[in-house]
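Colleague: Numbering (the numbering used here), first residue to last: 1 to 290.
One structure follows; several queries about it will come next.
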Amino acid sequence: MSKIIELFGKGTHNRSVDWQGVIGAQRCAYTNKRCYKVRKSNPDISIGTCSVLYGKVPEPVIICPVRLIERRQIFTDCFHLLTTHEPGNELHIIPEVSIPGGSVDYFLVSVKDGKVKDFVGIELQTLDTTGTVWPERQRMLETLGISRSDSAEESNKTFGMNWKMTAKTILVQMHHKVQTFEHLNKKLVLVVQDKLLSYMTKEFKFDHLETPALIGDSMHLHAYKMDNAGAGDYKISMSSRLSTDADGIGMCLGLQAEARVELEQILIGLQTKLSDRTLFQAVGTPDSLV
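Below, the structure written as structure tokens:
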């Protein structure tokens, strides 16, 4: 059985897929644009791997953060954190907004008369791999009868999961960023797969986090699991919600909180990016996501 279970957003065990067309188009099913993960040795080729089977008892592990925006569910699951949102306000999804000390993957924004009324920051984190998934990908294509541009399927090179570095890096980032949001009385959400959250709870101090999450906390963790959707496909669904505050994330790492920024800097960054393209859509693909 191939360890590559999703390619360009399609389940590799779904034989009804036109794989020749999918491989040729190199388009991500979640953004409807070319997959951004390309080979360093040949930027014209997108790798396209969304999730893989990994572990002693192989289970699906998501390795591409874009995989998490399936059906826009992660954004819908943050609506309740827009505590000053009112009926009639527009909802926007704005990607890559810089704040002092870094940037945030997405902002879910409540807008009235062109003015930002409320916002929630949303960070995505999936597992980073070690080694290379390319030979495994090419072996998968071989089983589908797809021609390859190389003979990488004959390689014995493999890949692993960088659990420790992935977990520590994102916690350090959250430690810095959540202080900004807490100072502004706003919410920051970290979206991860349940398997990554499980690792984090074992390797770091997590017993002080609230579960289920408290809406008043500044830092929220939303974990999603991979469910079998039939015909060889998968879908994500909410697994658990935890919450804490800036000091709580510091406790996870054994650190103390620091840093402050002004609300005006974030509001300016958000409002300059508001457009019809960022308007939240319940159906279809908002242009802001592509």
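A virtual CB, placed ideally from N, CA and C, is assigned to each residue, including glycine.
In terms of alpha-carbon separation, which member of E6, K205, D287 lies closest to E59?
Modeller: The residue given as residue 59 occupies position 59 in the sequence shown. The candidate whose alpha carbon is nearest that of E59 is E6.
Colleague: Evaluate A231 with the Cβ neighbour count: other Cβ atoms within 10 Å of its Cβ, from every protein chain shown; 16 or more gives buried, anything less gives exposed.
Modeller: Residue mapping note: residue 231 aligns to position 231 of the sequence shown, counting from 1. It counts as exposed.
Colleague: Hey, would you say P95 sits closer than 7 angstroms to S240, going by beta carbons?
Modeller: Counted from its first residue, the sequence shown places residue 95 at position 95. Counted from its first residue, the sequence shown places residue 240 at position 240. Not closer than 7 angstroms, so no.
Colleague: Thinking C-alpha only, which one of P135, V172, S149, T84 is nearest S110?
Modeller: To locate residue 110, count along the sequence shown from 1; it is residue 110. Of the listed residues, the one whose Cα sits closest to S110 is T84.
Colleague: If you measure between the beta carbons of I236 and E70, is that distance less than 7 angstroms?
Modeller: Reading the sequence shown from its first residue, position 236 is the one you call residue 236. Reading the sequence shown from its first residue, position 70 is the one you call residue 70. Yes. Within cutoff.
Colleague: DSSP puts L81 in a beta bridge; with which residues?
Modeller: As a working mapping, residue 81 is identified with position 81 in the sequence shown. Paired residue(s): none; L81 is not in a bridge.
Colleague: Three or more beta-carbon pairs under 8 angstroms between the stretch 125 to 142 and the stretch 155 to 167, yes or no?
Modeller: yes
Colleague: Can you list, in chain order, the residues of its chain whose CB lies under 8 angstroms from that of G102, leaving out five sequence neighbours each side?
Modeller: Along the sequence shown, read from residue 1 onward, the residue named residue 102 stands at position 102. Excluding positions up to five away in sequence, the list reads Q173, H176, K177.
Colleague: When the distance is taken between beta carbons, is M219 closer than 7 angstroms to L188?
Modeller: Numbered from its first residue, the sequence shown carries residue 188 at position 188. Numbered from its first residue, the sequence shown carries residue 219 at position 219. Yes, they are a contact pair.
Colleague: Could you spell out the range, first to last residue, of the alpha helix (DSSP H) harbouring T143?
Modeller: Counted from its first residue, the sequence shown places residue 143 at position 143. Per DSSP, the unbroken alpha helix (DSSP H) holding T143 starts and ends at 134 to 143.
Colleague: Just tell me which of L144, M161, V17, T49 has its CA closest to the CA of L196.
Modeller: Numbered from 1 along the sequence shown, position 196 holds the residue referred to as residue 196. Residue M161 is the option with its Cα nearest to L196.
Colleague: Enumerated in chain order, which unbroken segments of the alpha helix (DSSP H) with a length of 4 residues or greater are wholly contained in the stretch 44 to 96?
Modeller: 73 to 76
Colleague: Please say whether K33 and E136 have beta carbons closer to each other than 7 angstroms?
Modeller: In the sequence shown, residue 136 corresponds to position 136, counting from 1. In the sequence shown, residue 33 corresponds to position 33, counting from 1. Not closer than 7 angstroms, so no.
Colleague: For S147, does the count of other Cβ atoms within 10 angstroms reach 16, so buried, or fall short, so exposed?
Modeller: What you label residue 147 is simply residue 147 of the sequence shown in a count that begins at 1. Exposed is the call here.
Colleague: How many Å lie between S151 and A223 at the Cα?
Modeller: The residue you call residue 151 lines up with position 151 of the sequence shown. The residue you call residue 223 lines up with position 223 of the sequence shown. Each residue's alpha carbon lies about 38 angstroms from the other.
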